[in-house]
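If you're matching positions, the sequence shown starts at 942 in the working numbering and goes up one per residue.
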Amino acid sequence: MMMKKIKVYMYIRVSTSMQVDGYSLDAQKEKIRKYADAFDYEIVGEYEDAGKSGKSIAGRAEFKKMLEDIEANKDGVSYVLVFKLSRFGRNAADVLNSLQLMQDFGVNLICVEDGIDSSKDAGKLMISVLSAVAEIERENILVQTMEGRKQKAREGKWNGGFSPYGYKLVNGRLEIEEQEAEAIRIIFDKYANTELGSNGIAKYLAQQGINKIARQNGSNTMFDAHLIRTILENPVYCGKIAFGRRKKEKIIGTRDEYHLVKQDDYMLCDGIHEAIIDMDVWETVQEKRKEMAKKYEHVNKGKDERIHLLSGLLRCPVCGAGMYGNKSIKNRNGKHYKDYYYYGCKHRRNTRGHSCAFSKQLQEEKMDNAVAEVISRLVSNPKFADMMQKKINMKVDTTEIETEIANIQKQLGQYIGTKRSLEKQIDNLDVEDRHYDRKLSDLQDRLDKMYDNIDDAEKSIAVCKDRKKAIEAEKLTGDNIYKVLIYFDKLYAVMEDADKRNLLTTLIDEIQVYEEERSNGQWLKSISFNLPIIENDMDLSLDKGSHVETVVKLSLKKDTPKIEVTMEPSAESNYTPAEKATYVKIKAYVKEKYGLNVSSLYIGQIKEKCGLDKRDNYNLPKSEDAKVPKCPPEKESAIMDAFRHFGMI
């Protein structure tokens, strides 16, 4: 039995300005006809609007006639074929309304060039259509808006947005706001004529009681370093209007994420507004900014390249904000000393209007090693290791989802069986039967219902399978983390810093520190882990030897699946700080006195030499054939001195 061809309409539109760009009526027709031939569609009607805009349906007589024919079911078509979605329309509301009207009468839209077929997945198509059309409109509006703003800049006019601090907008023109402008003059004067930088000026203004006046686009009343830098680089204050200083660029590796990027090359025009500062002052400031950028190029380069393992995880003991990695360089008498990396509270320099009194700099290497030490001791404890192993061996329960899938698949089989039965009944209808049309209509309605049921069932199965995959993927991710923890000592030492950072941010929620360094050299107060693997509170010793140095108090938070690890001296311990030497303290002592970096491996080797208790695994090679580096004599001597200092030998 020969299958009937599916009937379709062809709609084509071209604006006068697009005739020469490959979107001519003939070019569109040719593409659509080839598509129809490929899919065995029969074009039973052609509608074309030549020289018409897609801004709205109004004025497109052929488009409106096509919709009327669809409503009247004139030719019994199933689809409307268009070259591209933009040919169907450029107005989001018109496109969606027209598409909905067509679908109400069983007609779908196919965009040949865009590969959009509204019959395949109506829900997703609606989103696709909306976003696609909105994007077209946004792009058009953006181009027109940007051209308008660029022209305003050429004319020296303010081209949109709130007025910059120091000015007010009066009938679209910038006028000096004297109350605000006084602070602007002070900022430029201090930067140009003193040694103060952005942070220094922020502190000066705060000391002088000069506050930022709150306004609609900023309620913060403090001049922070970031705002001062923004003011110093804005040419509006010397009477200029800039356009294109920042450009929105797509973030590589993302689909719809963008960020503003500063541009070195931008348009600068004479403004029609009055300048707050003289051109000489402006040029002096810009020259100094270039010199300062060059001077601190070494610092900034290090900030960009170095990965600070605990940035954001450490919490300030005073204000609770995150502590972040920083770099300090020392130059004395023209000689450059070794760079110093540390963690500091992000609010210690009045950043973004926030101020914090905690100005201490926690040595980065010392803090990194201390946290690694805690994790290592924690995971090497037999009780904790046993809990992790049980978690890995625990099977994820997806029985309920699997049962749901099986039930839906059973229903799907019934729907498919009913569909086939209805198709046979339709094929067996007698066209001579006087009730043929009514029977066909009834069977067709039931068949359509079955197709809806099949479609719903298939979607439900897909959703269930996605849920199952997500659960299994989450379990797999968790298992990988626990496996890394079990072999933490071996793996962490050979990890790249980027991998260490990823592991720590996955494991740790936050790290609390003391305001003052403890007498035993300890800064760490507590660590909150994202490890939901314990059921009851428990204490684990952090020391494998006879001296109980610290107790880890593990307690599962009731409201969140996190483990709180609190470092506190054991009540049973009466040992002095000199008798509580940890690997971290030994390393710090050697570093401070001799300027040498010693590894835990070397400390373990010298401990073994002296007959002292050492931690497991430090002397184990990664394979039987691997060579273990031996501690150099210079470092051995320094470690021995540390042992004597702490009363270990």
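Even for Gly, the Cβ is constructed at its ideal location relative to N, Cα and C. Just so it is clear, the structure is predicted and the values come from calculations on it, not from any experiment.
Residue i versus residue j - alpha carbon distance
i       : j       : result
THR1344 : LYS1400 : 16 Å
VAL949  : VAL1021 : 6 Å
GLU1577 : ASN1538 : 11 Å
SER1321 : LYS1534 : 31 Å
CYS1405 : ILE1349 : 10 Å
TYR1108 : GLU1232 : 29 Å
LEU1553 : LYS1235 : 51 Å
ALA1216 : ARG1095 : 17 Å
ARG1170 : SER1139 : 6 Å
TYR1145 : CYS1257 : 24 Å
GLY1030 : ILE1057 : 14 Å
ASP1450 : GLN1463 : 20 Å
LYS1380 : GLY1358 : 20 Å
ILE1154 : GLN1120 : 8 Å
ILE1452 : ASN1443 : 16 Å
LEU1448 : PHE1429 : 12 Å
LYS1061 : LYS1025 : 17 Å
TYR1283 : ASN1152 : 31 Å
GLN1227 : MET1208 : 17 Å
PHE1004 : GLY1017 : 17 Å
ASP1368 : GLU987  : 31 Å
ASN1100 : ARG1156 : 19 Å
LYS1409 : ASP1397 : 18 Å
ASN1161 : SER1296 : 12 Å
MET1436 : ILE1346 : 42 Å
ILE1590 : PHE1584 : 6 Å
GLY1285 : TYR1265 : 6 Å
LYS1494 : ASP1582 : Because the pLDDT at LYS1494 is just 47, under 50, the model does not fix this residue reliably, and the point stays unresolved.
GLU971  : PHE1103 : 51 Å
LEU1465 : GLU1341 : 44 Å
LEU1481 : GLU1549 : At LEU1481, the pLDDT of 44 sits below 50, so the modelled position is not reliable and the matter cannot be decided from this model.
GLN1092 : GLY1113 : 15 Å
PRO1570 : LEU1542 : 9 Å
LYS1441 : GLY1545 : 22 Å
ARG1230 : ALA1133 : 9 Å
ALA1579 : TYR1281 : 21 Å
HIS896  : GLY1588 : This structure cannot speak to residue 896, because the chain is shown only from 942 to 1590.
ILE973  : TYR982  : 10 Å
THR1523 : ALA1298 : 30 Å
ALA1434 : HIS1167 : 38 Å
ALA1147 : GLY1141 : 10 Å
GLY1000 : ASP1055 : 25 Å
Distance CB(residue i)-CB(residue j) smaller than 8 Å
i       : j       : result
ILE1395 : TYR1356 : yes
TYR976  : VAL1023 : no
VAL1525 : GLU1314 : yes
GLU1306 : HIS1249 : no
LEU1591 : ASP1309 : With the chain running from 942 to 1590 in the structure shown, residue 1591 is simply not present.
ILE1051 : TYR1106 : no
PHE1164 : ALA1143 : yes
TYR1377 : ASP1383 : no
ASP990  : ARG954  : yes
ILE1182 : GLY1097 : yes
LEU1040 : SER1019 : no
Opposing strand residues paired with residue i [DSSP bridges]
i       : result
ASP990  : ARG954
ASP1211 : LYS1181
CYS1052 : VAL1023 and ILE1057
GLY1266 : TYR1284
GLN1304 : TYR1283
LYS1203 : ARG1187
TYR982  : ILE947
LEU1255 : ILE1452
TYR1108 : ILE1117
Cβ-based neighbour list, residue i, same chain, cut-off 6 Å, excluding 5 preceding and 5 following
i       : result
LEU1110 : SER1104
MET951  : ILE973, ILE984, GLU987 and LEU1022
LYS1188 : VAL1202 and GLN1204
Close beta carbons around residue i, own chain, < 8 Å, minus the five adjacent residues each side
i       : result
LEU1445 : LEU1250, LEU1251, LEU1254 and VAL1312
Sequence-distant residues of the same chain with beta carbon closer than 7 Å to residue i, five excluded per side
i       : result
ALA1122 : GLY1107 and ILE1217
HIS1586 : TYR1530
Are three or more beta carbon pairs between the region 1208-1216 and the region 1170-1184 nearer than 8 Å? yes
Between the region 1040-1048 and the region 1009-1016, do three or more beta carbon pairs fall short of 8 Å? yes
Quick test of the definition: if touching needs 3 or more C-beta pairs under 8 Å, does the region 1220-1231 touch the region 1251-1269? no
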